[in-house]
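Here's the structure we're looking at; comments come further down.
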Amino acid sequence: MMNRTTGELRFEPAFKAINEIAENDAIFSIDVGDVTQNAVRLLKVNGKQPWITSGLFATMGVGLPGAIAAKLDYPGRQVFNLTGDGAAAMVMQDLSTQVTYMLPVINVVFSNQALGFIEDEQEDDGQEWFGISLPRTDFAKVAEAQGMMGITVRTIDDVKPAFDRAVDLTRAGKPVLIDIKMTNERPIPVEKLALDPAENDAQTIAAFKKRYYAEKLVPLSQFMHNHHVN
Ligand SMILES: Cc1ncc(C[n+]2csc(CCOP(=O)(O)OP(=O)(O)O)c2C)c(N)n1
46 MMNRTTGELR FEPAFKAINE IAENDAIFSI DVGDVTQNAV RLLKVNGKQP WITSGLFATM
106 GVGLPGAIAA KLDYPGRQVF NLTGDGAAAM VMQDLSTQVT YMLPVINVVF SNQALGFIED
166 EQEDDGQEWF GISLPRTDFA KVAEAQGMMG ITVRTIDDVK PAFDRAVDLT RAGKPVLIDI
226 KMTNERPIPV EKLALDPAEN DAQTIAAFKK RYYAEKLVPL SQFMHNHHVN
C-alpha cells in the first residue's frame, strides 16, 4: 500500500514520504488514535529516532505540544508532529506557539474526517456508530491564519512534493503544516484477524482479505502446523 501510485489517497503513502525525508536523528511526536497504530507499523525508525506519545493516559492532543517540547529540548533535530484531525482540532491554537518561538516543526494532520480509533472500537463491539464523524476542516487555512505555511495534500502525486517543501521550509527555520486529505480506512486489526478456516467461514475470510488487502496473510495455525506444534 505504501508503494501504490494510483487510487485514492490512504495513509500509507504519507508514511512512506515521512520515512524518506526523516533525518537520522529525527524525533516523532505521535498523537493518540489510529495514527498511533499506523506510526508503530509504518515508521521505519532506526533506533536513534525517538518517538513519544501519551502512553499511560492516551491523551489526545499530545502530538503538537510534544513536538514543541522536543524542538525546545533539541533545537538542532528534525521534529515531526503526527496527528489525527480530531486531536489536531483540540490543540491547533498552539500552532501559533510554534510560530511565535520560531520552532520549525513538521506538523502532519491525517484528515479522515473521523475519530477513527473510536469508530474501530464501536465496530469491534458491535455498537451503532455514534459521535465519530468530524467536520471537514481546512487545516492548511488554520495554519495560515496563525502565520504558518499550510499545504493540503489530496492525491498520491501530491504527497512527495509536499514533504519536500516541508523540508525546505523547516531547514529555513519555519514550521509547516501538511493536511493529508485521505480516505478513512482503519488499520488492519491484528488482534482480530479473520484468516483461520477453523474459526471463520470462507466468506468472512474472503471479505477480510479484500478489505485489508491481506491476500498474502496466512493464519497462525498454519505456521504451527508446519512446525508440528499442537
Ligand atoms: C483527551 C482525550 N479524549 C478522548 C480520548 C478517546 N479517544 C482515543 S482515540 C480517539 C479518536 C482519535 O481521533 P483522531 O484524532 O481523528 O485520530 P484517528 O483515530 O482518526 O487517527 C478518541 C476520541 C482520548 N484518548 N483522549
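Per my numbering, the very first residue in the sequence shown carries number 46; after that it's consecutive.
Yeah, the Cβ is synthetic: ideal placement off N, Cα and C, and Gly gets one too.
Checklist line | Segments assigned alpha helix (DSSP H), at least 4 residues, entirely inside the stretch 102-165 | finding: Note on the stretch 102-165: whole alpha helix (DSSP H) runs with a minimum of 4 residues are 108-118, 130-136, 140-145, in chain order.
Item checked: Residue burial classification, Phe125 (beta-carbon count within 10 angstroms, cutoff 16) -> Answer is buried; the Cβ neighbour count reaches 16.
Check: Heavy atom of ligand 1 less than 7 Å from the Cβ of Gly111, yes or no?
Finding: For ligand 1, not one heavy atom lies less than 7 Å from the Cβ of Gly111.
Margin query: Check whether the stretch 90-105 and the stretch 71-80 touch, using three or more Cβ-Cβ pairs below 8 Å as the test.
Written below: Judged by Cβ distances under 8 Å, the stretch 90-105 makes contact with the stretch 71-80, as three or more pairs qualify.
Check: If you draw a straight line from the alpha carbon of Gly171 to that of Pro234, how long is it in whole angstroms?
Finding: Going by C-alpha positions, Gly171 is about 15 Å away from Pro234.
Check: Is the CB-CB distance between Val150 and Ala112 below 8 Å?
Finding: Contact: yes.
Check: At which residue ranges does the stretch 182-267 contain complete beta strand (DSSP E) runs of 3 or more residues, listed in the order of the chain?
Finding: You should have 194-198, 221-226.
Next item on the list: Leaving aside the five residues before and after Ala186 along the sequence, list all residues of the same chain whose C-beta is less than 7 Å from its C-beta, in chain order.
Entry: Sequence check: residue 186 is Lys here, not Ala. Excluding positions up to five away in sequence, the list reads Gly195.
Notebook entry, point to check: Based on Cα-Cα distance, which residue from Asp118, Val153, Glu65, Gly106 lies nearest to Ile223?
Noted result: Closest in C-alpha terms to Ile223, from the list Asp118, Val153, Glu65, Gly106, comes Val153.
Margin query: Using the three-state DSSP reduction, which class does Ile66 fall into: helix, strand or coil?
Written below: Collapsing the DSSP output to three states places Ile66 in a helix.
Check: What first and last residue would you give for the alpha helix (DSSP H) that runs through Ala84?
Finding: For Ala84, the uninterrupted alpha helix (DSSP H) segment begins and ends at 79-87.
Next item on the list: Note the first and the last residue of the continuous beta strand (DSSP E) segment covering Ser74.
Entry: Residues 72-75.
Checklist line | Identity of the residues DSSP links to Trp174 by a beta bridge | finding: Under the DSSP definition of a beta bridge, Trp174 lacks any partner.
Margin query: Nearer than 7 Å: is that true of the beta carbon of Asp130 relative to any heavy atom of ligand 1?
Written below: For ligand 1, a non-hydrogen atom lies closer than 7 Å to the CB of Asp130.
Note to self: Measuring straight from C-alpha to C-alpha, what distance separates Asn69 and Ala115?
What the structure shows: About 15 Å.
Check: Does ligand 3 have even one heavy atom less than 7 Å from the beta-carbon of Ala159?
Finding: Annotation note on ligand 3: not contained in the displayed structure, which lists ligand 1 as its ligands.
Notebook entry, point to check: How about Val124: is its Cβ closer than 7 Å to a heavy atom in ligand 1?
Noted result: Placement of the Cβ of Val124 at a distance of 7 Å or more from every heavy atom of ligand 1 is found.
Check: Can you tell me the Cα-Cα spacing of Pro180 and Gln158, whole angstroms?
Finding: Gln158 has its alpha-carbon roughly 6 Å from the corresponding atom of Pro180.
Notebook entry, point to check: Counting Cβ pairs closer than 8 Å, one from the stretch 196-216 and one from the stretch 127-141, do we hit at least three?
Noted result: Judged by Cβ distances under 8 Å, the stretch 196-216 makes no contact with the stretch 127-141, as fewer than three pairs qualify.
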